[in-house]
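Taken in order, the sequence shown gives residues 298 to 502; the numbers are from the working numbering. Ideal placement from N, C-alpha and C gives every residue a C-beta, glycine not left out.
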Amino acid sequence: MSDKPMIPAPSYTLNEALGVCLRMCQVALTEVRALARMPGPPGITGLQGERGLQGERGEKGEPGATGAAGLDGKNGARGEKGEPGRNASDLTFLQDYATEQVGRALKTATFTTPDGGRTLRWAVGEAVHEITTAIVLDAGVWKEGATYAAGDGVSLGGSFYIAQTTTSAKPPHGDDVWRLAVRAGRDGRDYRPDDNPPTKPIKFK
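Shown next, in the form of structure tokens:
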């Protein structure tokens with residue numbers, strides 16, 4: 298592979314790129330939501346404020362299980378008390394909090410490529426996601442002993458070959474190893490001025 302690879306123009310579509318970004322955002326949002334459920338350290342107790350308004354009544358808990366019948370025919374034991382209902386305002390708070398955390402994460406995200414454009418690396422915090430594309434990278438003239446990855450393009454004898462797998466073989470070596478993309482043209486004849494005598498002027502009557 299060339300010591301100084303050049304990044305060619307992207308060969309993927311806009312819809313594919315948007316799909317990748319949306320998928321990464323979904324993964325980041327899932328991770329942020331998971332972190333949001335983790336309670337933080339307890340804060341310092343503040344001053345007691347004024348008593349707020351009474352919140353809405355929670356949903357009614359499920360009835361407790363029926364107690365076993367007593368030996369003497371008396372009423373069974375009282376069932377367990379249902380859990381209190383949840384305040385609907387908590388959902389809006391969590392949604393706003395998750396949106397804020399995702400926005401902060403996206404501001405710190407980085408987008409890099411370690412191999413000149415074939416592998417795209419998206420890092421959000423400690424989470425790293427990679428996507429390997431099928432774009433062709435120009436690896437220059439084929440060199441003896443060099444190892445080429447799938448997608449590397451080399452020139453040899455006036456022809457251009459694209460590697461189909463990781464290989465160090467010399468092209469051509471079969472379509473499953475090197476695919477011929479551009480065939481070298483035939484050499485033209487040497488130009489000799491004597492072969493083309495000067496054209497005589499044409500006279501019109």
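Gly422 carries a coil assignment under DSSP once its states are collapsed to helix, strand and coil. No Cβ-Cβ contact shorter than 9 Å links Glu347 with Gly361.
CA-CA distance, Val433 to Ser465, rounds to 17 Å. Going by C-alpha positions, Ala395 is about 12 Å away from Asp387. Taking the Cα of Asp473 as reference, the smallest distance to any Cα among Ala446, Leu332, Thr407 is reached at Ala446.
Around the beta carbon of Ala314, fewer than 16 other beta carbons lie within 10 angstroms, which makes this residue exposed.
For Ala424, same chain residues with a beta-carbon under 8 Å away, outside a window of 5 residues either side, are Val324, Ala325, Glu328 in chain order. Taking C-beta separations shorter than 6 Å and ignoring five residues to either side along the sequence, Cys322 has no partners in its chain. Ala443 and Asp435 have their alpha carbons spaced roughly 14 Å apart. Secondary-structure assignment with DSSP links Asp435 through a beta bridge to Gly450.
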